[in-house]
Amino acid sequence: MPLLEPDPEALRPGTAREPAPDRVTDRSATGTPEPLRAELTALLGADKVLWKISDLVRYASDASPYRFLPRVVLVPEDIDDISAILSYAHGKGREVVFRAAGTSLNGQAQGEDILVDVRRHWTGIEVLDDGARARIRPGTTVLRANTTLARYGRLLGPDPASAIACTVGGVVANNASGMTAGTTRNSYRTLASLTFVLPSGTVVDTADPAADEELARAEPDLCAGLLALKAEIEADEELTARIRAKYAIKNTNGYRLDAFLDGATPVQLLRGLMVGSEGTFGFISETVFDTLPLDRRVTSALLFFPSLTAAAAAVPRFNEAGAIAVEVMDGNTLRASVSVKGVPADWAALPRETAALLVEFRAPDEAGQEAFEEAAAEVMRGLDLVVPAASVTNAFTRDAGTIAGYWKARKAFVTAVGGSRPSGTTLITEDFAVPPDRLADACEALLELQSRHGFDAAVAGHAAHGNLHFLLAFDAALPADVERYDAFMQEFCALVVDRFDGSLKAEHATGRNIAPFLEREWGQRATELMWRTKQVIDPKGVLAPRIVLDRDPRAHLRGLKTIPKVEAVADPCIECGFCEPTCPSEDLTTTPRQRIVLRREMMRQADGSPVEAGLLDAYGYDAVDTCAGDSTCKLACPVGIDTGAMMKGFRHRRHTPREERIAALTAKNFRVVEASARLAVAAGDAIGKRGGDRLLASVTRLARRAVRPDLVPEWLPQLPGSAARELPRTTRAGASAVYYPACVNRVFAGPEAGPGGTPALSLAEAVVAVSERAGKPVWIPEDVAGTCCATIWHSKGYDAGNRVMADRIVEAAWGWTAGGTLPLVVDASSCTLGIAEEVVPYLSEDNRELHRELTVVDSLVWAAGELLPELTVFERTGSAVLHPTCSMEHLGDVEQLRVLAEACAEEVTVPDGAGCCAFAGDRGMLHKELTDTATAKEAAEVNYRDYDAYLSANRMCEIGMERATGHPYRSALIELERATRPPSR
């Protein structure tokens, strides 16, 4: 054991608590039981079997109100693995559930036996026919697919609000649609073909001309059974008419019986049935979509009405005018959305009865856009709108920023409203549809029902398609609250079916909470046909039992999860999973959602229980150590939950008083530490150049084992040499800005050579030169040595050291800038973020006043806004690929990086898979496996071709990307200096 190994007990919840009724029981504390674990390890390999109690718990929750603990979690890499898993389940009488993003709202991604992660190894998109079609693997997010398709002026038809996180496989399996898909642009209508694995292990590619012949040979009983069901349905005229009527509006409740009417052969029938089957008929391993035009001329408005029913009454008029989207939000939704960055603060005081419509028109050209705007203006003349807040304009706009803000507020419905629910309550998200011309009546009836059952619910939805969503919050630990929810559901289902002949699930799929009410909507005849279809395709009931079909009338009350209170920063989390695709450790250990899920399970446990002990033992590395601390989860979360901040807090809790004192001492004596670090880097570089990289790596690995991996960095061959001791000479007189070279650029050298092997300037030399060239000279203070942005201490949770350096840098910057009269230009984006924002909570009150007077500017912003307009570009390179850092995302500087690159290169590319590299200062040297997994997808994309320049704007991120790709990354400012350097005469 390392000498300074942290004590897991430091993370034990310190609150007095009673064990929760839904806690994981002690008999599960050892994880996956034998012989299940051994058999699956022998079948797949140890790296594909997750068996620890912490693994099982983190996969037990999804975005739904349910929680079921799997017996084991498997991570297959290919179809062979899938077939092996299904064969094993058949032979052993076990059950299998597939899970991709876990964003489903009804428990579809949860299993009680074998849970299979089909996200990690199942990503990728191939554009076909110049964008007219796309072959997409099931673990690819909708956002990632659309980002690639946008280059071709195309997009997918389904557009769920969770596009940032939900995967294409999940969208197809649920027939999720979204804001614009309706009944014509969803997966059922836009899928060209798909490849799937049946429960028996048979693989079917519906695009293969020989697919029916091969299926008949492999599965004769299945083919015969499907054709018999088709004949039976088609012979029943009343049933046929009923099926057609049910799908005239949005409907994802039960299996798609219209597949029997639309398909002629068994393969065609399966192609339709797989859509919306929720993983109960097979595993979708690949999809081919017919894509749709991306109409880029957009006009939108957010219109406010005195009531929800008044807003609903206006919907048909906008539909007739050609709006592609008409979204409704009630007063509760609008008020809750103020927690979303960018939403006007005065919405918090909106009257409860207020409602709004988000109306959007899209056209391919100016003429089409003008025609839509004229039609919209005509509709507006007949509306009774209100102005309940000063920010309300009730006007159509083409401004992209304003429109993006409207959609951000709308798409945050579940998370923003859920995040504002009372602490400790479970969130239920329901979704139904009625004929669009009955929407106003449905709104009124729903509000009355909610009020009568004591729910202060929020309502939003795709009003254009008669599709409403609403949320209910209750305490699942209280039997009376559970019964209140049940009573509401019984009346709700009767209301939707009997009064409106609507769909109990319009786009979220049946799931566990509507399965008991399936027959209530479809009737006995159609429901029995669904049971028989399941029997034909999955006769042994291996796949996802109880998720679509369940005869237990109280199944919707089974497995409801309690939500124990956790740390304040994470307590609003509804476990939606929007944060996961941005997380650097997603494919290594845990995600932000899983870190919170694990913490909540600790709070459910009795103090000192075996389960709590197992969770604490794993949490240190899986959650705390391998969190990059980049806080990109905060950007992805609609309510801004910063799980990275929570992990930094846990790092602080693990520190001993002695460690805190030492950290504070390094801050107080940082001038010596900085010089020592530079000497150590120089020595390491000298040894490495003499073939000693292996020796240095071995020595540091031994030191890490002896002391603690989270304290001793590992030597990496990609580390550059040391920076020059002396910074470029500058003068304060006439300076346009104070230039602050970050400590990382004072310790590590820049790239050794530029394009063609030309000598490269250091970053400091480049900034000074290019600023002088633009007529905006900068001044480097003589006493920058010994100062830092404090991120070194902040990222590790050393609060005392953080306070020391935060105060020092602000006091120094205030003096350098003459009380804030000059801007402070910082040459590393993470350091800009540190000085501009992250130091603030650690400053003394006096220094907070000084900080308010500072103008901290990232060097990218300085160069793009102040220097570039004054410069002449003499030599552009051919192509450049960019790595936007997570700090740039926080600062909003990514566009400035692109602007600089486009000035220096003919072609500029930002990889679709670009994300946080997780080098995170020195974390890439403390846990290089974190950077390896975080950069894998981006590196593969970068290395698909060669570029002339590899650019970023943070030295440690550049080192991380060089390690990942093998290409020398350098600052965009060094490239700008080269491109604008006058040719030698």
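If you read the sequence shown in my numbering, its first letter stands for residue -7, the second for the next number, and so on.
Using N, Cα and C, we set each Cβ at its ideal position, and we do this for glycine too.
As the structure is a prediction and not an experimental result, all values here were calculated from the model.
Nearest-angstrom Cα separation, counted from residue j out to residue i
i, j, result
"A987", "P815", "Only positions -7 to 977 of the chain appear in this structure, which leaves residue 987 out of reach."
"E578", "H882", "20 Å"
"G569", "A251", "31 Å"
"V488", "G494", "5 Å"
"D473", "L463", "15 Å"
"L147", "Q710", "39 Å"
"P564", "A304", "30 Å"
"E930", "G905", "5 Å"
"A456", "E319", "7 Å"
"A518", "N311", "32 Å"
"D(-1)", "G600", "15 Å"
"D254", "Y247", "14 Å"
"V67", "D39", "8 Å"
"G994", "P975", "Since the first residue of the chain shown is -7 and the last is 977, residue 994 is not available in this structure."
"R717", "R643", "33 Å"
"A55", "A404", "14 Å"
"E774", "L342", "54 Å"
"K44", "L32", "14 Å"
"P11", "I555", "12 Å"
"E362", "I71", "50 Å"
"D986", "R289", "Residue 986 lies beyond the stretch modelled for the chain, which goes from -7 to 977, so this question has no answer here."
"M481", "R430", "20 Å"
"V351", "V335", "17 Å"
"P285", "M321", "27 Å"
"P150", "P531", "31 Å"
"R111", "G161", "9 Å"
"R15", "L510", "30 Å"
"L968", "V616", "38 Å"
"R724", "L97", "60 Å"
Outcome for residue i when other beta-carbon atoms lying within 10 angstroms are tallied against a minimum of 16
i, result
"P733", "buried"
"R970", "buried"
"N661", "exposed"
"L671", "exposed"
"D885", "buried"
"R50", "buried"
"P576", "buried"
"P191", "buried"
"V379", "exposed"
"G857", "exposed"
"D634", "buried"
"A227", "exposed"
"S169", "buried"
"E366", "exposed"
"T7", "exposed"
"A1013", "Outside the displayed range of the chain (-7 to 977) lies residue 1013, so it cannot be described from this structure."
"S443", "exposed"
Where the alpha helix (DSSP H) through residue i begins and ends
i, result
"G162", "V160 to N166"
"T986", "The first residue shown for the chain is -7 and the last is 977, placing residue 986 beyond what the model contains."
"G789", "Counting along the chain, G789 falls outside any alpha helix (DSSP H), and DSSP gives it neither H nor E."
Limits of the unbroken beta strand (DSSP E) element including residue i
i, result
"T418", "T418 to A425"
"G1049", "This structure leaves residue 1049 out entirely; the chain is present only between -7 and 977."
"V901", "In the sequence under discussion, the amino acid at residue 901 is Thr, which differs from the Val named in the question. That run of the beta strand (DSSP E) goes A897 to T901."
"Y247", "Careful: Y247 lies outside any beta strand (DSSP E) and carries neither H nor E."
"V119", "I117 to L120"
"D109", "I106 to D109"
"Y58", "Per DSSP, Y58 belongs to no beta strand (DSSP E) and is neither H nor E."
So does the region 760 to 769 actually touch the region 859 to 869, counting three or more Cβ pairs closer than 8 Å? Touching, per the Cβ criterion.
> With a cut-off of 8 Å, do at least 3 Cβ pairs link the region 922 to 941 to the region 867 to 874?
Replying inline: yes
Please give me, in chain order, every unbroken run of the beta strand (DSSP E) with length at least 3 that falls completely inside the region 450 to 505. 450 to 454 and 459 to 466
With contact counted as at least three CB pairs below 8 Å, one residue from each stretch, are the region 219 to 233 and the region 198 to 208 in contact?
no
Query - Contact the region 611 to 627 vs the region 578 to 593: 3+ CB pairs below 8 Å - result: yes
* Asked: Which runs of the alpha helix (DSSP H) spanning at least 4 residues fall entirely within the region 271 to 327, listed in chain order?
  -> With a minimum length of 4 residues, the continuous alpha helix (DSSP H) runs that stay inside the region 271 to 327 are 300 to 313.
message: Whether or not the region 593 to 613 and the region 184 to 198 are in contact is what I'm after, with contact meaning three or more pairs of Cβ atoms, one per stretch, closer than 8 Å; do they touch?
response: no
Count Cβ pairs between the region 825 to 835 and the region 779 to 798 that sit closer than 8 Å; are there 3 or more? yes
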